[in-house]
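Basically our numbering = 1-based index in the sequence shown + 7.
Just so it is clear, CB atoms sit at the ideal spot from N, CA and C, and this is done for glycine as well.
Since the structure is predicted, the reported quantities are computational estimates derived from the model, not experimental observations.
Input: a single structure, listed below in structure tokens.
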Amino acid sequence: VITIATSPAQAAADRVALVIGNAQYENAAVLGNTISDATAIGSTFERLGFEVTLQRDQNISALRQALGAFRRKAASAEVAVVFYAGHGIEVDNTNYLIPTDAQLKTDADIEFETIPLDLVMRAVEGASRLKLVLLDACRDNPFARSMTRASATRSIGRGLARVEPSAETLVAFAAREGTTASDGISGEHSPYTQALLKYLEEPNLEINLLFRKVRDAVLSATDGTQEPFTYGSLSSREFYFVNTDSQGGSEDVAEPLPGVSAEDALWAAVERSGTFGAFETYLAQFPNGKYSAAAQVWVDVLKPNGSNNAQSQTDQGAVSPSGGEIDVASVAVDDDFATENPPILECDRLAADPSDPSRVTLGVEWKDIDTNSAIAACRRDAGEFPKSDRLKFQLARVLHRDEQHGEAAKIYEELSEKSYTAAAVNLGTMYLLGQDVEQDIAKARRFFEIGADAGNANALYQLGRMYKEGNGVSVDYPRAFEFYNRAVEASDHLGAMVQIGFMYTNGLGVTADQKQAFDYYKRAADQNHPAALNNVGLMYLTGRAVKQNTASAVSWLEKSAKEDFAEAMYNLAVVYGRGQGIGRDMDRATHWMFEAIRNGHEKAIRAMTTQAGSTTREFRRLLQSRLRDAGYYRGTIDGQFGPATERAILALSESDAG
8 VITIATSPAQ
18 AAADRVALVI
28 GNAQYENAAV
38 LGNTISDATA
48 IGSTFERLGF
58 EVTLQRDQNI
68 SALRQALGAF
78 RRKAASAEVA
88 VVFYAGHGIE
98 VDNTNYLIPT
108 DAQLKTDADI
118 EFETIPLDLV
128 MRAVEGASRL
138 KLVLLDACRD
148 NPFARSMTRA
158 SATRSIGRGL
168 ARVEPSAETL
178 VAFAAREGTT
188 ASDGISGEHS
198 PYTQALLKYL
208 EEPNLEINLL
218 FRKVRDAVLS
228 ATDGTQEPFT
238 YGSLSSREFY
248 FVNTDSQGGS
258 EDVAEPLPGV
268 SAEDALWAAV
278 ERSGTFGAFE
288 TYLAQFPNGK
298 YSAAAQVWVD
308 VLKPNGSNNA
318 QSQTDQGAVS
328 PSGGEIDVAS
338 VAVDDDFATE
348 NPPILECDRL
358 AADPSDPSRV
368 TLGVEWKDID
378 TNSAIAACRR
388 DAGEFPKSDR
398 LKFQLARVLH
408 RDEQHGEAAK
418 IYEELSEKSY
428 TAAAVNLGTM
438 YLLGQDVEQD
448 IAKARRFFEI
458 GADAGNANAL
468 YQLGRMYKEG
478 NGVSVDYPRA
488 FEFYNRAVEA
498 SDHLGAMVQI
508 GFMYTNGLGV
518 TADQKQAFDY
528 YKRAADQNHP
538 AALNNVGLMY
548 LTGRAVKQNT
558 ASAVSWLEKS
568 AKEDFAEAMY
578 NLAVVYGRGQ
588 GIGRDMDRAT
598 HWMFEAIRNG
608 HEKAIRAMTT
618 QAGSTTREFR
628 RLLQSRLRDA
638 GYYRGTIDGQ
648 FGPATERAIL
658 ALSESDAG
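See below:
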């Protein structure tokens, strides 16, 4: 789960969004674009002032849990939105969303393996102002084709069936009832999501007109074969996601950050839109504003008449909105500036580094990068704006994340020579780890020091690690603590918060202080850092700095485990296996032990191959059953961990999923 809460507390409490993308179906072909669709939609709502919860590849249990948690959030919000990209199905005029673990061998399985759309609509119904459900789920459905009919009278339709939402609720389908929607070209967005991304942030666009524009855009993009449709109605009170009209104070609008002027808010929205009309809107409202020169450049570049618009309009003696003639030389300079510093593009949304001072979005954490979508977007955008060092760096970053180290290193080298500090830091990481370059700790440290001098949080964090671990330098805990603290001060570096918490926990370079440790862990955990979530859970489990509470401990540990943190999976297996404070649950204990092993957790592997005798026979039998069901074990389910069981455990730990 990724919870993005960068807007003011008021906005976060008033506007909430649950964004779901299902792609990796266990019993159907992978959907190519749903994850990138969900990621982009989540980023958009975040910029619009929503508290966003992003969920990827949800099985039925996770999806029910997510909807339940969101329903509680929506109950105290003014605006609640659910966006779903994935498979859906209509049976007997009832719509269902399909989780990733659904089998749907017969139509009788529908009620047990899917989520009814009514449940999604109930999740938003508590919002006091606007309830909105966006479904990009009308794709041609493989389950409907393969499903055995248990009832001869049951109808299974194409697409989804029409719905009748309650008051102040809109349910928007990617395709009208009974028809299917396109997933789009692989590596891009679906036509419906692409249209939403285009119009959600357009200034002064009332929501009903927004959906009409989305409809027209999808019809155009699909040559009339796909028509979105919106069900439900709102009151006469207008709603805008972005409202820059000073006379519109009584209307609902996602508000800018506190302290941000109306001009800055409009310019941010205009840059995100990147359209000719948006830049014209800015110039009309702020003809002599602080961004007017850049806006004029983009109006000239994007003007519909001809490809070389700035030159052709100038040659004809075109005048600027302020009334004077446009100077050819000044336009040429500004055009160079624009090509080196383009407005926010898809590459920025998918690949920006939170520690890069040149970024133009909040950035994407390393672990959250969707490499396929990001590489495609950044190759396209960097190719269109070859002078932009920002886009080159982001391309290198996603290639680095995808372990295409050679190409990434070349770009980092080029940018480092131009003093692009974020590139120098990442190049330092490659030298530190020997990724397609000869490992050189001293050279890595020099690159980190370059970044640290510029206040780069990642560089400060890496230097902290070097002094904490004695990697290429003598162990120096006080100096490590200093670097970690500077990283937190520079940009709230989550990894540095966790390390400071660890140093307070163990008295390394500072006086041991469990309360301080908890506070740092909690700060990072509140932003879903996996290790921090685990550590908060352990502090509740042991009662350090907080009152001992096993139920709270399990809740935090499960959040960490859902972020694929193997240590938390192992800890959950131990907690459920012992049952102290919550009652033993061997099914959950073996589930989490299995997941910890699959994720390569050394302690879990060692415990099950050398110390399994310390567990109960029931535990061992259940784990053998899980190994058999996953195809790793063919022996007897007897609770005896001999060579065959140990081989199965090792095979699981070395699987592609690990």
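Quick test of your reading: residue i and residue j, contact by CB under 8 angstroms. State the CB separation rounded to the nearest angstrom.
| i | j | result |
| --- | --- | --- |
| GLY28 | ARG63 | 5 angstroms |
| ALA573 | GLY584 | With 8 angstroms as the limit, ALA573 and GLY584 do not qualify as a contact, their Cβ atoms being about 16 angstroms apart. |
| LEU141 | ALA82 | 20 angstroms between Cβ atoms; not a contact. |
| LEU545 | ALA532 | Contact flag wrong, Cβ pair sits at about 11 angstroms. |
| ALA30 | PHE57 | The Cβ separation is near 23 angstroms, so there is no contact. |
| GLN110 | GLU120 | 6 angstroms |
| PHE246 | GLU184 | So it is not a contact: roughly 24 angstroms between Cβ atoms. |
| ALA84 | ARG22 | 6 angstroms |
| TYR511 | ASP520 | 5 angstroms |
Is residue i helix, strand or coil when you go by DSSP?
| i | result |
| --- | --- |
| ILE656 | helix |
| THR229 | coil |
| GLU287 | helix |
| ILE644 | coil |
| THR518 | coil |
| PHE490 | helix |
| SER426 | coil |
| VAL553 | coil |
| THR456 | It is worth fixing the name first, because residue 456 is Glu in this sequence and not Thr. Helix at GLU456. |
| GLU574 | helix |
| VAL304 | helix |
| LEU241 | coil |
| ILE96 | strand |
| ILE163 | Low confidence applies to ILE163: its pLDDT is 49, below 50, so where it sits in the model is not reliable enough to give any reading. |
| PHE525 | helix |
| THR186 | coil |
| PHE246 | strand |
By Cβ distance below 6 angstroms, which residues in the same chain neighbour residue i in space, the five residues on each side in sequence not counted?
| i | result |
| --- | --- |
| TRP305 | PHE286 |
| ASN465 | SER362, VAL432 |
| ALA503 | TYR468, TYR491, ALA494, VAL495 |
| PHE454 | ALA431, LEU434, GLY435 |
| THR46 | ASP377 |
| GLY508 | ALA524, TYR527, TYR528 |
| MET615 | ILE656 |
| GLN506 | TYR491 |
| ALA575 | ASN541, LEU564, SER567, ALA568 |
| ALA559 | For the sequence presented, residue 559 should be read as Ser rather than Ala. For SER559, where only same-chain residues beyond five positions count, the Cβ hits under 6 angstroms are TYR547. |
Report buried or exposed for residue i, applying the criterion of at least 16 other Cβ atoms within 10 angstroms of its Cβ.
| i | result |
| --- | --- |
| VAL37 | exposed |
| GLN618 | exposed |
| GLY95 | buried |
| LEU659 | buried |
| GLN587 | exposed |
| GLY471 | buried |
| GLN555 | exposed |
| GLU332 | Note that GLU332 scores 31 on pLDDT, short of 50, meaning its location in the model is unreliable; the coordinates nonetheless yield the value given after this. The residue is exposed, with fewer than 16 neighbouring Cβ atoms inside 10 Å. |
| ASN295 | exposed |
| THR288 | buried |
| LEU548 | buried |
| GLU476 | exposed |
| GLY330 | Summary for GLY330: the model assigns pLDDT 31, below 50, so the residue's position carries little reliability; its value from the coordinates is reported in the next sentence. Exposed, since its Cβ has fewer than 16 Cβ neighbours within 10 Å. |
| PRO198 | buried |
| GLU118 | exposed |
| LEU217 | buried |
Spatial neighbours of residue i within its chain, please: C-beta separation below 8 angstroms, excluding the five flanking residues on both sides.
| i | result |
| --- | --- |
| ALA358 | VAL371, ILE376, ALA381, ALA384, CYS385, GLN401, LEU402, ARG404, VAL405 |
| ILE241 | Sequence inspection shows Leu at residue 241; the Ile mentioned does not correspond to that position. So the qualifying residues of the chain are LEU137, GLU175, LEU177, ILE214, ASN215. |
Tell me which residues share the same chain as residue i and place their Cβ nearer than 7 angstroms to its Cβ, disregarding the 5 neighbours each side in the sequence.
| i | result |
| --- | --- |
| TYR640 | GLN631, LEU634, ALA651, THR652, ALA655 |
| PRO485 | GLY516 |
| ASP360 | ARG366, GLY370, ARG404, ALA429 |
| VAL221 | ALA202, LEU203, TYR206, PRO235 |
| GLU565 | LEU579 |
| GLY649 | none |
| LEU422 | ASP396, LYS399, PHE400, ALA430 |
Any heavy atom of the ligand GTP closer than 7 angstroms to the beta-carbon of residue i?
| i | result |
| --- | --- |
| ILE376 | Ligands displayed in this structure: none; no statement on the ligand GTP is therefore possible. |
Practice item. Let me know the alpha helix (DSSP H) ranges lying completely inside the region 101-148, each 4 residues or longer, listed in chain order. Key: 117-120, 124-131
**Study point:** Whole runs of the alpha helix (DSSP H) within the region 345-370, excluding any shorter than 4 residues
**Key:** 353-358
**Study point:** Ordered list of alpha helix (DSSP H) runs contained in the region 601-633, each at least 4 residues
**Key:** 609-617
Review point. Taking the runs of the alpha helix (DSSP H) that are 4 residues or longer, which of them lie wholly in the region 21-69?
Key: 41-54
**Study point:** Complete runs of the alpha helix (DSSP H) confined to the region 392-446 [at least 4 residues]
**Key:** 396-408, 412-423, 428-440
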